[in-house]
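Enquirer:
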DNA sequence: CTGTTAGCGCATTCAA
DNA sequence: TTGAATGCGCTAACAG
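Chains as they are written, first to last, in our numbering: chain A, 6 to 339; chain B, 6 to 339.
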């Protein structure tokens with residue numbers, strides 16, 4: 006039904022090779038015939054069938070992007086970065102949102118294949134040994150964003166020291182009773198939650214503050230769950246005076262909990278988040294800023310490089326973070 | 006380099022037709038041979054090349070999604086709805102984020118072609134006559150979400166009456182000086198902004214309140230721009246006592262502006278937003294809720310229907326909205 | 001400068 | 001129940 010290259014050729018009175026040539030500038034074409042072809046293309050509203058082109062060239066012109074927690078503002082901001090450079094490139098993007106372990110495995114099993122994608126961007130998922138094995142066997146250029154494996158290109162922040170610095174700051178303020186609302190520490194997607202928790206522990210240890218297990222909570226990085234955990238924390242017999250959260254969303258939930266309990270922030274409670282999403286600024290939240298948009302951008306840029314240049318040895322980039330001090334932190338009241 | 010159906014066939018000692026049969030259950034296969042094929046597939050880590058399959062079947066198994074303002078929370082929420090049903094389907098998704106007019110035109114020109122996609126979901130863009138013409142000529146199943154054209158399936162809310170109800174409520178509260186922070190009224194993507202503005206005008210007219218041009222501002226639906234517009238409005242010689250905004254983001258900006266001016270909300274200023282994004286709840290913002298996630302879901306569901314059933318006459322669905330009253334609205338102070 | 005042909009990987013006839 | 005042959009739309013190599 007749709008026009009093919011043959012239709013164009015016939016209409017322009019030329020062979021398909023010539024049409025292909027003007028389409029791709031792959032060889033010189035007489036200006037007059039070029040014009041004939043061009044008008045035929047316009048009249049037929051012809052667009053080359055990508056499947057045909059892909060099959061013929063052995064190149065898909067699409068890159069796969071695998072993202073968990075598609076819902077989260079932080080991921081969206083990374084994705085925006087991704088899209089901003091993809092839009093300007095000759096590549097299409099195929100988006101795989103994985104919410105469950107099953108999906109994760111299925112996607113990582115079926116997507117990294119030649120003929121399916123030219124490159125793979127994996128965000129916030131530490132690939133398993135099997136996954137990496139497959140990726141390497143199929144020789145798929147791959148970049149990990151906010152994840153790590155020695156054999157693959159990766160971009161990530163130093164979660165441990167970023168978290169440590171945040172907690173250092175809370176301690177400097179004079180707090181001793183500091184709770185941590187974590188992502189599940191054994192999440193199957195990656196190990197950042199452990200890194201951030203380590204940073205928390207290190208800061209406490211360095212200050213000689215014992216780690217109180219009652220001050221640790223694990224939940225999904227969402228506002229509502231953060232709120233519940235904060236409610237638990239703040240109604241403890243000996244409640245914390247500060248809460249550090251794995252994500253801004255959880256920190257926002259903590260702010261909500263404080264409000265419900267008629268606690269004034271930062272007088273009665275200090276709260277520190279992580280990510281610096283847009284809402285963090287609105288909520289005046291002190292938080293660890295990571296450059297999400299840039300991470301997405303750079304991720305694709307490296308990927309496009311890696312596609313051009315398949316034998317590049319793995320590059321591991323460390324992205325900067327900053328503690329952004331706003332209105333939700335202060336010395337403890339007492 | 007990657008395994009093909011021929012490799013599998015050779016390894017299993019069968020013909021490619023047999024491999025294809027077990028792959029697609031397209032015809033009965035002897036159980037023993039089936040097993041041989043299956044093990045060959047596993048050992049080779051074979052996954053069918055989608056381009057080959059597409060070319061052969063004349064079906065791409067992918068649907069295109071065109072979205073402007075990819076950054077906006079409202080769009081993301083719709084996209085989440087889209088992804089949630091796509092993930093469970095046999096379709097891949099190809100995402101086209103358009104931020105500029107150029108991109109919009111290019112995408113709408115090159116994407117709606119057989120062999121490229123099986124169906125098209127267009128969000129928040131009113132297609133031009135040309136676009137619709139092309140879509141129909143190429144016979145591409147298409148669903149419009151938050152947009153409208155008589156010839157294409159569409160899902161949308163009644164923007165005019167939703168906006169009118171919101172402003173009615175503000176008037177009932179006793180306000181007379183009601184400003185409106187609009188999206189650009191001549192945005193080339195669609196006409197909702199005009200609809201909402203009409204709703205605003207109608208409510209005012211019905212209450213016998215003259216429309217004050219000084220109380221109208223146009224800007225992009227973003228927080229920072231909303232903040233600037235609100236700042237202008239609130240420093241007017243005769244400032245409004247209530248602000249209605251085209252989007253929650255702009256309303257959030259208005260809240261910020263009020264804070265900067267030491268205005269207490271809702272005592273000194275009432276603010277009403279539109280969308281009910283997640284942050285709206287956090288900010289206790291009174292707003293017009295539309296069911297974004299569901300709109301995305303239903304959009305794809307209709308699209309999948311339309312793909313199965315290409316001759317279905319255009320369906321036009323009206324989605325409900327609700328005014329959610331929270332803490333940013335009250336009678337005017339005086 | 002241009003027309004013709006082979007082949008990309010697959011599903012699907014048609015024979016056997 | 002299965003193998004071999006055809007064609008999907010295209011690019012690139014080949015021949016003129």
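For glycine and all other residues, C-beta sits at the position ideal for the given N, C-alpha and C.
(1) Could you check the C-alpha separation between residue 239 of chain A and residue 270 of chain B for me, to the nearest Å?
(2) Mind checking who residue 94 of chain B pairs with in its DSSP beta bridge?
(3) How would you list, in chain order, the residues of chain A whose beta-carbon sits under 7 Å from the beta-carbon of residue 270 of chain B?
(4) Quick check: the region 7-24 of chain B against the region 179-186 of chain A, are at least 3 beta-carbon pairs closer than 8 Å?
(5) Got a sec: which bits of the region 7-28 of chain B sit with their beta carbon under 8 Å from any beta carbon on chain A, in order along the chain?
(6) Quick check on DSSP: helix, strand or coil for residue 5 of chain B?
(7) Would residue 308 of chain B pass as an interface residue toward chain A - the criterion being a Cβ-Cβ separation below 9 Å?
(8) Answer yes if the region 305-322 of chain B comes into contact with the region 155-166 of chain B, meaning at least three C-beta pairs across the two stretches below 8 Å, and no otherwise.
(9) Please check the pair residue 346 of chain B and residue 180 of chain B, which I expect to be a contact at CB under 8 Å, by giving their CB distance rounded to whole angstroms.
(10) Taking the CB atoms as reference points, tell me whether residue 297 of chain B and residue 82 of chain B lie closer together than 9 Å.
(11) Quick check on the DSSP output: the alpha helix (DSSP H) that includes residue 307 of chain A runs from which residue to which?
(12) Measure from the C-beta of residue 54 of chain A to each C-beta in chain B and report whether the shortest distance is under 9 Å.
(13) List the residues of chain A whose Cβ lies closer than 8 Å to the Cβ of residue 142 of chain B, in chain order.
(14) CB-CB under 7 Å to residue 251 of chain B, same chain, minus the five flanking residues each way: which ones, in chain order?
(15) 9 Å is my cut-off, CB to CB: does residue 120 of chain B come that close to chain A?
(16) Buried or exposed: which applies to residue 36 of chain A, given that a residue is buried once 16 or more other Cβ atoms fall within 10 Å of its Cβ?
(17) Going by the CB atoms, is the gap between residue 54 of chain B and residue 143 of chain A shorter than 9 Å?
(18) For residue 44 of chain B, count neighbouring C-beta atoms within 10 Å of its own C-beta (all shown protein chains included) and say buried if the count is 16 or more, exposed if not.
(19) Just to check my reading of the structure: residue 328 of chain B and residue 293 of chain B have Cβ atoms closer than 8 Å, yes? What is that Cβ distance to the nearest angstrom?
(20) Ignoring anything shorter than 3 residues or poking outside the region 150-233 of chain B, list the beta strand (DSSP E) runs there in chain order.
(21) Can you find a CB in chain B that lies within less than 9 Å of the CB of residue 39 of chain A?
(22) Can you say whether residue 106 of chain A is buried or exposed, counting buried as having 16 or more other CB atoms within 10 angstroms of its CB?
(23) Any idea what DSSP makes of residue 282 of chain B, helix, strand or coil?
(24) What do you get for residue 58 of chain A, buried or exposed, if any count of 16 or more other CB atoms within 10 angstroms of its CB means buried?
(25) Do you know how far the Cα of residue 242 of chain A is from the Cα of residue 220 of chain A?
(26) Would you mind telling me which residues of chain B sit closer than 8 Å to residue 86 of chain A, beta carbon to beta carbon, in chain order?
(27) Secondary structure at residue 332 of chain A, three-state DSSP: helix, strand or coil?
(28) Give the list of continuous beta strand (DSSP E) stretches no shorter than 3 residues that lie fully inside the region 240-279 of chain B.
(29) Taking only beta carbons into account, state which residues of the region 90-106 of chain B come closer than 7 Å to chain A, listed in chain order.
(30) Need the endpoints of the beta strand (DSSP E) that residue 67 of chain A sits in, please.
(31) For residue 76 of chain A, which of helix, strand or coil comes out of DSSP?
(32) Say whether chain B places a C-beta atom closer than 9 Å to the C-beta of residue 283 of chain A.
(33) Less than 8 Å between the CB atoms is what I'm expecting for residue 123 of chain B and residue 312 of chain B, so what's the real figure, rounded?
(34) Go to residue 11 of chain B, then tell me how far its alpha helix (DSSP H) extends in each direction, as first and last residue.
(35) Which of the residues in the region 69-84 of chain B, read from start to end, lie with their CB under 7 Å from any CB of chain A?
(36) Could you check what DSSP says for residue 20 of chain B in three-state terms: helix, strand or coil?
Expert: In brief:
(1) Residue 270 of chain B has its alpha-carbon roughly 27 Å from the corresponding atom of residue 239 of chain A.
(2) DSSP lists no bridge partner for residue 94 of chain B.
(3) Going along chain A, no residue has its Cβ under 7 Å from residue 270 of chain B, so there is no contact; the nearest lies around 13 Å.
(4) Look at the beta carbons and you see the region 179-186 of chain A not touching the region 7-24 of chain B: under three pairs across the two are nearer than 8 Å.
(5) Residues 7.
(6) Given that chain B is displayed from residue 6 to residue 339, the structure contains no residue 5 of chain B and the question cannot be resolved.
(7) For residue 308 of chain B, the answer is no, since every Cβ of chain A falls outside 9 Å of its Cβ.
(8) Flag = yes, the region 155-166 of chain B and the region 305-322 of chain B touch.
(9) For chain B, the structure presents residues 6 to 339; residue 346 of chain B sits outside this window and is missing.
(10) Result yes, Cβ atoms of residue 297 of chain B and residue 82 of chain B sit closer than 9 Å.
(11) Boundaries of the alpha helix (DSSP H) harbouring residue 307 of chain A: 297-313, taken from the DSSP string.
(12) Yes - at least one Cβ of chain B is within 9 Å of the one on residue 54 of chain A.
(13) The contacting residues are 50.
(14) Cβ within range, chain order: 186, 187, 188, 198, 201, 226 and 279.
(15) For residue 120 of chain B, the closest Cβ of chain A is nearer than 9 Å.
(16) That one is exposed.
(17) Judged by beta-carbon spacing, residue 54 of chain B lies beyond the 9 Å limit of residue 143 of chain A, meaning their Cβ atoms are not closer than that value.
(18) Residue environment analysis places residue 44 of chain B among the exposed positions, since fewer than 16 neighbouring C-beta atoms fall within 10 angstroms of its C-beta.
(19) With 8 Å as the limit, residue 328 of chain B and residue 293 of chain B qualify as a contact, their Cβ atoms being about 6 Å apart.
(20) Qualifying beta strand (DSSP E) stretches, in chain order: 158-162, 183-187 and 221-223.
(21) Using a CB distance cut-off of 9 Å, residue 39 of chain A does not count as an interface residue toward chain B.
(22) Exposed is the label assigned to residue 106 of chain A, since fewer than 16 other Cβ atoms lie within 10 Å of its Cβ.
(23) Of the three classes helix, strand and coil, the one that applies to residue 282 of chain B here is coil, per DSSP.
(24) So residue 58 of chain A counts as buried.
(25) One Cα belongs to residue 220 of chain A, the other to residue 242 of chain A, and the distance between them is close to 12 Å.
(26) Here the premise fails: no neighbours, minimum Cβ distance about 11 Å.
(27) The three-state reading of DSSP puts residue 332 of chain A in coil, since its state is none of H, G, I, E or B.
(28) Uninterrupted beta strand (DSSP E) stretches at least 3 residues long and entirely within the region 240-279 of chain B occur at 247-250, given in chain order.
(29) For the region 90-106 of chain B, the beta-carbon criterion of a distance under 7 Å to any beta-carbon of chain A is satisfied by 92, 97, 98, 99, 100 and 102.
(30) Unbroken beta strand (DSSP E) run through residue 67 of chain A: 67-73.
(31) Reduced to three states, the DSSP call for residue 76 of chain A is coil.
(32) Yes, because at least one Cβ of chain B sits closer than 9 Å to the Cβ of residue 283 of chain A.
(33) About 5 Å separates the Cβ atoms of residue 123 of chain B and residue 312 of chain B, confirming a contact at the 8 Å cut-off.
(34) From DSSP, the alpha helix (DSSP H) with residue 11 of chain B extends over 10-17.
(35) Taking 7 Å as the Cβ-Cβ cut-off against chain A, the residues of the region 69-84 of chain B that qualify are 75, 76 and 81.
(36) Residue 20 of chain B falls in the coil class under three-state DSSP.
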